[in-house]
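Using the working numbering, the first residue of the sequence shown is number 4, and each one after it goes up by one. Just so it is clear, CB atoms sit at the ideal spot from N, CA and C, and this is done for glycine as well.
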Amino acid sequence: MKAVLMTAAGSPEVLQVQEVPNPAVPVGNTELLVRLVAAGINPIDTKLRSRGTFYPDRTPTILGCDGAGIVEAVGASVQRFRPGDEVYFCYGGLGAHQGNYAEYTVVDERFVARKPASISFAEAAAAPLVLITAWEALYERGRLEPGERVLIHAGAGGVGHVAIQLAKLKGATVSTTVGSEEKADFVKQLGADHVIFYKQTDFVQAALDWTNGEGVDLAFDTVGGETFHKTFPAVRVYGDIVTILEPDANTVWKTARQRNLRIGLELMLTPALLGLEESLQHHAEILEQCATWIDESKLKIHVSHKFPLKEAAKAHQLIESGSVTGKIVLLISDD
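Here it is in C-alpha cells:
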C-alpha cells in the first residue's frame, strides 16, 4: 500500500510517500481492516513530525490520528461492524501504532464509530480529534451547564469551530475571539453570540463588558502561551478555565488564585498514551453521539483545504502557517 512515512524528525520534507506492506487481515479478534478514504491533519501531527514521536525508536513511522474509511475485513469476534460499513475514528499516529496517512489501517472495533451518513469522508476524517477535544474540554473538564456564558479562543480554528457548536447544543451563550471579518462571519454562522476582534480589542475588557463586569462562567483556551494567563481576569470568581496547551513555565497564577478559578487541562491523547481502553471506547461513544447531531444538521465540520496523500508535506506547511479556518484533510482515495 501507499503511505506517507515520517523518515526522521524535522521539516515537512521528511514526509515521503512510499510503498509499505499492507496490514495483516484481522483473524480471531475484534479488529477491523479499514480502507482509508481520508485522513485529518492536526497540529499534533506537525509537532510530532518536527520534534519526534512519543516512540522515537520506531521511526520511520506513519502519522495521522484521524481517519475515515470503509471496513474491508473483520476479525472473528467483531460484533458491531461488517465489510462495507463506513467508519471514522481517532486512533494511531503517535508512533506506537500506525497512523492514517496510508491506504489501509487496522483498528479495534471498540474504538471506532459509524461515519455520519450525511457528510463526505473528508469531513468525517476532519472531525474526530477536534470533536473529542472540545467535548471533553467543555462537558467534562469545564462542566458546562445550560445558560452559562463561555469564552472560546480562536473560534474559527479546528477545535474552536466545533467548540462553539457543542457549547450552543448545551444551551450556553458563546463569545469567541477571531482575527478577521471573514472569520467573524464564519463563527456567527456557527452560532456565536458575541465576537471579539482580539487584534484591535482587549479581549478581557470585551468579555467583562459582555458579562456586565462579572466574567464568563467558562473560558476555553485553544491558543496557549500568554493567552492562557491573560484570560484569568475574564473569568468570574469561582469560574472555570480549560486549556488544551501545557501552561507556560512563566505563567502568572496570582489572578487565578485570587478569583479561585478551577483550572482544567485537556489532552484527548491521554487514553492512547496511557493505554486506557475504556477511555478510548468513550471516545468512540462521543463520536457516535456527534454523528447523530451531524446527521440531524445540528453540528457541522468545516474543511477548508484538501490535499492528495502525496502532498502531505504541503498540508503540514499550511497548518503551521497558523491562519487556517476549520480543518485540513488528506484525500487517500476517490470514494
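By the C-beta density criterion, residue 103 is buried, having at least 16 other C-beta atoms within 10 angstroms.
When rounded, the separation of the alpha-carbon atoms in residue 182 and residue 28 is 47 Å. Boundaries of the beta strand (DSSP E) harbouring residue 34: 34 to 44, taken from the DSSP string. Residue pairing by DSSP places residue 117 opposite 90 in a beta bridge.
Look at the segment 160 to 242 and you find these whole runs of alpha helix (DSSP H), each 4 residues long or longer: 161 to 172, 184 to 193, 206 to 213 and 229 to 233. Going by DSSP, residue 286 is part of no beta strand (DSSP E) but of the alpha helix (DSSP H) stretching over 280 to 298.
Closest option to residue 232, judged by alpha-carbon separation, among 11, 127, 99 and 251: 251.
DSSP places residue 153 in the strand class (E or B) of the three-state scheme. Following the DSSP letters along the chain, one finds residue 276 inside the alpha helix (DSSP H) bounded by residues 273 to 277.
Less than 8 Å separates the beta-carbon of residue 154 from that of residue 210.
Residue 109 and residue 8 do not touch by the CB rule: their CB atoms are close to 17 Å apart, not below 8 Å. With respect to the C-alpha of residue 15, the residue from 219, 37, 38 and 316 having the closest C-alpha is 316.
Proximity to residue 176 across 162, 196, 165 and 188 peaks at 196, based on C-alpha coordinates.
As a beta-bridge residue in DSSP terms, residue 244 pairs with 222 and 266.
Secondary-structure assignment with DSSP links residue 107 through a beta bridge to 38. In the DSSP assignment, residue 320 falls within the alpha helix (DSSP H) that extends over 315 to 322.
Here residue 17 carries a helix assignment [DSSP, helix/strand/coil]. One alpha carbon belongs to residue 257, the other to residue 236, and they sit about 10 Å apart.
Among the bridge pairs identified by DSSP, residue 331 is matched with 44 and 308.
Counting only residues of its own chain and dropping the five nearest sequence neighbours on each side, residue 58 has a CB closer than 6 Å to the CB of 98 and 99. When rounded, the separation of the alpha-carbon atoms in residue 222 and residue 23 is 44 Å. In the three-state DSSP reduction, residue 130 falls in the coil class, being neither helix nor strand.
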